[in-house]
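Here's the structure, in structure tokens; my notes come after.
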Amino acid sequence: MVVSISDKKKKNKTKVPSLEEYLQQRDYLGALTLLEFQRSIGEKHENTDLWICYCAFHLGDYKRAMEEYKSLTKKPDCPAEVWVYLGCALFFLGLYKEAEEAASKAPMSPLQNRLLFHLEHKAELKNLIDISSCSFEFAKELIRHNLVVFREGQGALQVLPPLIDVIPEARLNLVIYYLRQGVHEYILKGVVNAALGQEIGSKDHLKIAQRFFQLVGGSASECDTIPGRQCMASCFFLLRQFEDVLIYLNSIKSYFYNDTFNFNYAQAKAALGNYKEAEELFLLIQNEKIKEDYVYLSWLARCYIMNQKGQLAWELYLKMGTSSDSFSMLQMIANDCYKMGQFFYSAKAFDALEKLDPSSNYWEGKRGACVGVFQLILANKEPKELLKEVLLLLENSANLQVEYIIRILRKWAKDNRVLL
């Protein structure tokens, strides 16, 4: 690609964000990179070293922060409060004795008080956590939970998720942690509204979710990020604009390829009639919770039917317990198999429906499906032996028409020497 001179000038004029802008956005990596670059070319400002320590600390690189703070303490003009900052870095590295020594050299301040408080109670916490009694298990979990809170979220992703169903506050604190890490509040609101809307069938909640997703995905700062594109995919998914869903999912699939992604990706493929690829994607999913979900089962069954694998759809139904979901699955198999000319499994599904509700008009669907199987047998597209099973299905009905149809099928079987 050839770049014009004017384009080059425009690129050269691209404004580099300032340190203040990086810090306001909590982009500590960007701020640290800028500071290190400035220091390397001699553009060092008065507080450059302190800001480097600050960024390293907030990135969780406590060793780097400790080394930088130690270097500062060796300088004659070192601010006295640096000692308490060094103490904090040492504390997070587990060097409690050294942390206490450093903190004691700092002037009195709220931060020094807090650090000394944590240091004073640290042998106590260790002893409590080390207690192996089973009856103390809940207290140990409570201590781990509270330590995450006291440490401003350190270790939240390791400690809090398993405690969500144990300690009520764990769920709220995990949400707070995500919000503090820069995950947009609007994404969280979108996910919650979408989940609630789907669970209770509320169109209002789904509309709210769609607006939140669109707000994030359409923003200038997020439109080209992975979360932004996920939000736009979610927005179009709720709007049932699946072609647009695939545009966004295709753009991030190499970065975000897991069971949840495949579940959404497969649904979008199937909704657009690409049942072969959708079936392959559904079968890649390993998460048992997803595989037990009716949405997953019904979409996979539909893919099987559209790919001329009606038997597999029927087997999915047989593994389901008796419920409203299994009834819905039967209805889908009965109608979709009929549309796709897989009349035998359509007949079996209509037969099961007729047993569940004899007063309905399922007989008409069953009759049509049974006749459809007979036509396929006549056209040599189904084995003649299948006629015996069709007759058994018909004999389950109490409808007045059934005797006439059975008589015709038996006569044909006799004329064509088919054993029944």
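Numbering-wise, the sequence shown is residues 140 to 559 according to my numbering. Just so you know, even glycine gets a beta-carbon here, dropped at the ideal spot from N, CA and C.
Taking the Cα of residue 395 as reference, the smallest distance to any Cα among 366, 179, 423 is reached at 366.
Rounded to whole angstroms, the gap between the alpha carbons of residue 368 and residue 480 is 40 angstroms. DSSP assignment within the stretch 349-375 yields no whole alpha helix (DSSP H) run of 4 residues or more. Assignment of residue 424 by DSSP, reduced to helix, strand and coil, places it in the coil class.
Two segments are said to touch when three or more pairs of C-beta atoms, one from each, lie closer than 8 angstroms; by this definition the stretch 486-504 touches the stretch 527-538.
Assigned with DSSP and collapsed to three states, residue 172 falls in helix. Following the DSSP letters along the chain, one finds residue 476 inside the alpha helix (DSSP H) bounded by residues 463-478. Separation of residue 527 and residue 558 (C-alpha to C-alpha, rounded to the nearest whole angstrom) is 8 angstroms. Minimum Cα-Cα distance from residue 226 among the listed residues 184, 361, 206 corresponds to 206. Beta-carbon to beta-carbon, residue 336 and residue 370 are separated by about 16 angstroms, too far to satisfy the 8 angstroms threshold. The three-state reading of DSSP puts residue 217 in coil, since its state is none of H, G, I, E or B. A residue is called buried when at least 16 other Cβ atoms come within 10 angstroms of its Cβ; residue 427 does not meet this threshold and is exposed. The Cβ neighbour count for residue 194, taken over all protein chains shown within 10 Å, is at least 16; the residue is labelled buried.
A distance below 7 angstroms between beta-carbons, with the five flanking residues on each side excluded, links residue 488 to the following residues of its chain, in chain order: 469, 472, 473, 476. For residue 197, the enclosing alpha helix (DSSP H) starts and ends at 187-197.
The C-beta distance from residue 512 to residue 483 rounds to 5 angstroms, short enough to meet the 8 angstroms contact threshold. Counting only the Cα atoms, residue 223 lies some 9 angstroms from residue 247. In the DSSP annotation of this structure, the continuous segment of the alpha helix (DSSP H) that includes residue 404 starts and ends at 398-410. Assignment of residue 306 by DSSP, reduced to helix, strand and coil, places it in the coil class. Shown here, residue 249 sits in a helix according to DSSP, grouped into three states. Burial check for residue 191: the Cβ neighbour count within 10 Å reaches 16 or more, so the residue is buried.
Residue environment for residue 304: exposed (fewer than 16 other C-beta atoms within 10 angstroms of its C-beta). C-alpha of residue 297 to C-alpha of residue 285: approximately 13 angstroms in a straight line.
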